[in-house]
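A.B. asks: Below is a structure I'd like to ask you about.
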Ligand code: DAH
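In the numbering used here, the protein residues as written are 1 to 342.
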C-alpha cells in the first residue's frame, strides 16, 4: 500500500470514529489517537523529508488535506456534541418552580412578649419613647428615689434579692422612671419594659417576671389623662368592648395611688363560674397614680409647674389572663410543647 493510500484509509477511519464519538471526551481521544504526537499520520508527515521530490509532493499534499479534513470534522462534531451536552445539562438541572417548597419550621413569639409588644406598640403610637434600665440596680434608684427611704416598712414587702453592698436585683421597673427623669427635662413620655426579680415562687409568682412601667410628666396632666390613656390601652390589648375602673390604692411613689381593673373580656361579668374573673366581672390589671411631688422634687422637677402619672403592669399576668394559662411557671420553663401553642 502506498503512503497516499494509507493516508486515505486513515482519513476514512478517523471520519467514522468522529461520527461515532458520543461525548467531548471521546472526541478528544480520537484527536489524540489520529493527530497526536505519536499518531500514524504524524509519523508519515515526519518521514516526508526523506522521500523523493515527487513523492514528497503527493504524500505532503494528501497528508495536509487529510489533516485539514480531520480537524474540520472534529471541530464540527465537537460543536454539535457540546450543544447536545448543554441541552442535556439544562434539562437535568432545570428547576420545577411549580413543585411545593420545603416547609420551614416557624418559630413563634412567647406569650409574654406578645403582650409586651402590644402594650409597647400602643404607647409608641401615642408618641411615647421606650426606655430601659439595668436589672442590677442600686438601692437608691430601686427604693430611696421612689420615696421608699431606708428602714421604711414598704421595703420589706418587696421580697428583694440583695446583692453586694447597696445593690439589688430590681424589684420593679419603676427605677427606670427615676433614671429617665434625671437624664432629661420634661415633658416625659416613656414606657419601660424589662425583667424584674422577687423572692417568690408559686403558681402565680416566679422569681423573675416582666414588668412594663409607664411615665408621663408634663404641664397640666391629671388623673383623667391617666384613666383615658390606660382605658385605651386596655381596649387595644383585650378588645374594644372592655371597660376599666379605678380603685384607690397605695404606692409610695404616687399620690393618689390607684389600681386599674378591666371588665372581664370573656364573660363581661355575666358568668358566676367564669374561669377568668371567677364571677367578679373585673380583673385586676395594674398599679398607677399621680407621681408624688416628693419624687418630682427628688429628680429636680418643679412640682408646682409639672404633674405626671405613672403606671406599672405585669405583662406575664396579662398574658395568663388573655390566653387562659393557669400557671405562671410554665412561662419560664422553656417547654416547647407549651410554647408551640402560641
Ligand atoms: N412598681 C409597682 C410594683 O412593682 C407597680 C407600680 C404601681 C408602678 C404604681 C407604678 C405605679 O408606676 O404608679 O408593684
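Glycine included, C-beta positions come from ideal geometry on N, C-alpha and C. All figures in this text were calculated on a predicted structure; none of them were measured in a lab.
Using C-beta distances below 8 Å, list every residue in its chain close to residue 32, excluding the 5 sequence neighbours before and after it, in chain order.
C.D. replies: In the chain shown, residue 32 corresponds to position 32, counting from 1. Taken in chain order, the residues that qualify are 39.
A.B. asks: Based on the DSSP output, what are the partners of residue 189 in its beta bridges?
C.D. replies: Counting from 1 along the chain shown, the entry for residue 189 is found at position 189. Residue 189 is bridged to 216.
A.B. asks: When we look at the beta-carbon of residue 286 and count the other beta-carbons within 10 Å, is it buried (16 or more) or exposed?
C.D. replies: One-based indexing of the chain shown puts residue 286 at position 286. It is buried - the Cβ of residue 286 has at least 16 other Cβ atoms within 10 Å.
A.B. asks: Compare the beta carbon distance of residue 173 and residue 197 with 8 Å and say whether it is the shorter of the two.
C.D. replies: Mapped onto the chain shown, residue 173 falls at position 173. Mapped onto the chain shown, residue 197 falls at position 197. Cβ atoms of residue 173 and residue 197: not closer than 8 Å.
A.B. asks: Under the three-state reduction of DSSP, which class applies to residue 184: helix, strand or coil?
C.D. replies: As a working note, residue 184 is residue 184 in the chain shown. Three-state result, residue 184: coil.
A.B. asks: Helix, strand or coil: which one does DSSP assign to residue 240?
C.D. replies: Working through the chain shown from its first residue, we reach residue 240 at position 240. It is coil, neither helix nor strand.
A.B. asks: State the CB to CB distance for the pair residue 181 and residue 299, rounded to an integer number of angstroms; the pair is presumed to be in contact (CB under 8 Å).
C.D. replies: Position 181 of the chain shown, counting from 1, holds the residue named residue 181. Position 299 of the chain shown, counting from 1, holds the residue named residue 299. Indeed they touch by this definition, with Cβ atoms about 4 Å apart.
A.B. asks: What's the C-alpha gap between residue 341 and residue 110?
C.D. replies: Along the chain shown, read from residue 1 onward, the residue named residue 341 stands at position 341. Along the chain shown, read from residue 1 onward, the residue named residue 110 stands at position 110. If you take the alpha carbons of residue 341 and residue 110, they lie about 10 Å apart.
A.B. asks: Assuming residue 308 contacts residue 296 (C-beta within less than 8 Å), just tell me the rounded distance between them.
C.D. replies: Locating residue 308 in the chain shown gives position 308, where the first residue counts as 1. Locating residue 296 in the chain shown gives position 296, where the first residue counts as 1. Contact flag correct, Cβ pair sits at about 7 Å.
A.B. asks: From the DSSP secondary-structure annotation, give me the bridge partner or partners of residue 138.
C.D. replies: On the chain shown, residue 138 is found 138 positions in, with the first residue counted as 1. For residue 138, which the question treats as bridged, DSSP gives the partners 167.
A.B. asks: Residues in its own chain within less than 8 Å of residue 329 by CB, not counting five upstream and five downstream?
C.D. replies: Position 329 of the chain shown, counted from the first residue, corresponds to residue 329. Same-chain partners within the cutoff: 201, 203, 206.
A.B. asks: Say yes only if the C-beta of residue 351 is nearer than 7 Å to one or more non-hydrogen atoms of the ligand DAH, and no if none qualify.
C.D. replies: Since the first and last residues shown for the chain are 1 and 342, residue 351 lies out of range.
A.B. asks: Does the distance between the C-beta of residue 174 and the nearest non-hydrogen atom of the ligand DAH fall short of 7 Å?
C.D. replies: Residue 174 sits at position 174 when you count from the first residue of the chain shown. The answer is yes for residue 174.
A.B. asks: Name, in chain order, the residues that DSSP records as bridge partners for residue 113.
C.D. replies: As a first step, residue 113 is located in the chain shown; it is residue number 113 there, counting from the start. Beta-bridge pairing links residue 113 to no other residue.
A.B. asks: For the candidate residues 41, 88, 112, whose alpha-carbon lies nearest to that of residue 334?
C.D. replies: Working through the chain shown from its first residue, we reach residue 334 at position 334. Among 41, 88, 112, the Cα nearest to that of residue 334 belongs to 112.
A.B. asks: Roughly how far, in whole angstroms, is the beta-carbon of residue 316 from the beta-carbon of residue 338, given that I think they are within contact range, below 8 Å?
C.D. replies: In the chain shown, counting from the first residue as 1, residue 316 sits at position 316. In the chain shown, counting from the first residue as 1, residue 338 sits at position 338. In fact, because the Cβ distance is near 13 Å, the residues do not count as touching under 8 Å.
A.B. asks: Mind checking who residue 43 pairs with in its DSSP beta bridge?
C.D. replies: Start at 1 with the first residue of the chain shown, and residue 43 comes out as number 43. Answer by DSSP bridge pairing: none, since residue 43 is not bridged.
A.B. asks: Please report the Cβ distance between residue 357 and residue 253, rounded to the nearest whole angstrom; I am assuming they are in contact, meaning their Cβ atoms lie under 8 Å.
C.D. replies: Residue 357 is absent from the structure shown; the chain starts at 1 and stops at 342.
A.B. asks: So, is residue 65 buried or exposed, given that buried needs 16 or more other C-beta atoms within 10 angstroms?
C.D. replies: As a first step, residue 65 must be located in the chain shown, where it is residue number 65. Its Cβ having fewer than 16 others within 10 Å, residue 65 is exposed.
A.B. asks: Which stretch, first to last residue, makes up the beta strand (DSSP E) that contains residue 256?
C.D. replies: The residue given as residue 256 occupies position 256 in the chain shown. It spans 254 to 263 - the beta strand (DSSP E) in which residue 256 sits, taken as one unbroken run.
A.B. asks: Specify, as a first and last residue, the run of the beta strand (DSSP E) that residue 284 falls within.
C.D. replies: Residue mapping note: residue 284 aligns to position 284 of the chain shown, counting from 1. Per DSSP, residue 284 belongs to the beta strand (DSSP E) from 282 to 291.
A.B. asks: If I measure Cβ to Cβ from residue 158 and keep anything under 6 Å in the same chain, skipping five residues before and after, which residues do I get?
C.D. replies: The residue given as residue 158 occupies position 158 in the chain shown. Same-chain partners within the cutoff: 171.
A.B. asks: Please go through the stretch 14 to 96 and give each complete beta strand (DSSP E) segment of 3 or more residues, from N-terminal end onward.
C.D. replies: Whole beta strand (DSSP E) segments, 3+ residues: zero.
A.B. asks: Would you decide whether residue 1 is buried or exposed? Buried here means 16 or more other CB atoms lie within 10 Å of its CB.
C.D. replies: Here residue 1 is taken as the residue at index 1 of the chain shown, counted from 1. Residue 1 comes out exposed.
A.B. asks: Say whether the stretch 86 to 105 touches the stretch 122 to 142, bearing in mind that this needs 3 or more beta-carbon pairs closer than 8 Å, one atom from each stretch.
C.D. replies: No: the two stretches stay apart, fewer than three of their Cβ pairs being nearer than 8 Å.
A.B. asks: Tell me whether residue 213, by its Cβ, gets closer than 7 Å to a heavy atom of the ligand DAH.
C.D. replies: If you number the chain shown from 1, residue 213 lands on position 213. Yes, Cβ of residue 213 sits closer than 7 Å to a heavy atom of the ligand DAH.
A.B. asks: To which residues does DSSP link residue 99 through a beta bridge?
C.D. replies: As a working note, residue 99 is residue 99 in the chain shown. Partner(s): none; residue 99 has no beta bridge.
A.B. asks: Cβ of residue 209 versus every heavy atom of the ligand DAH: is any distance shorter than 7 Å?
C.D. replies: Numbered from 1 along the chain shown, position 209 holds the residue referred to as residue 209. Every heavy atom of the ligand DAH is 7 Å or more from the Cβ of residue 209, so no.
A.B. asks: Any heavy atom of the ligand DAH inside 7 Å of the beta-carbon of residue 311?
C.D. replies: Position 311 of the chain shown, counted from the first residue, corresponds to residue 311. Yes; taking the cut-off as 7 Å, the Cβ of residue 311 has a heavy atom of the ligand DAH nearer than that.
A.B. asks: By how many angstroms is the C-alpha of residue 143 removed from the C-alpha of residue 149?
C.D. replies: The residue labelled residue 149 in the question sits at position 149 within the chain shown. The residue labelled residue 143 in the question sits at position 143 within the chain shown. If you take the alpha carbons of residue 149 and residue 143, they lie about 7 Å apart.
A.B. asks: How far does the beta strand (DSSP E) with residue 310 in it extend, from its first residue to its last?
C.D. replies: Within the chain shown, numbered from 1, the residue matching residue 310 stands at position 310. Residue 310 -> beta strand (DSSP E) spans 307 to 313.
A.B. asks: Return the chain-ordered list of same chain residues with a C-beta closer than 8 Å to the C-beta of residue 323, the five sequence neighbours on each side being excluded.
C.D. replies: As a working note, residue 323 is residue 323 in the chain shown. Around residue 323: 111, 342.
A.B. asks: Quick one: residues in its chain with C-beta nearer than 6 Å to the C-beta of residue 184, no 5 flanking neighbours on either side, listed in chain order?
C.D. replies: Taking the chain shown and counting its residues from 1, the one referred to as residue 184 is at position 184. Correct list: empty, nothing qualifies.
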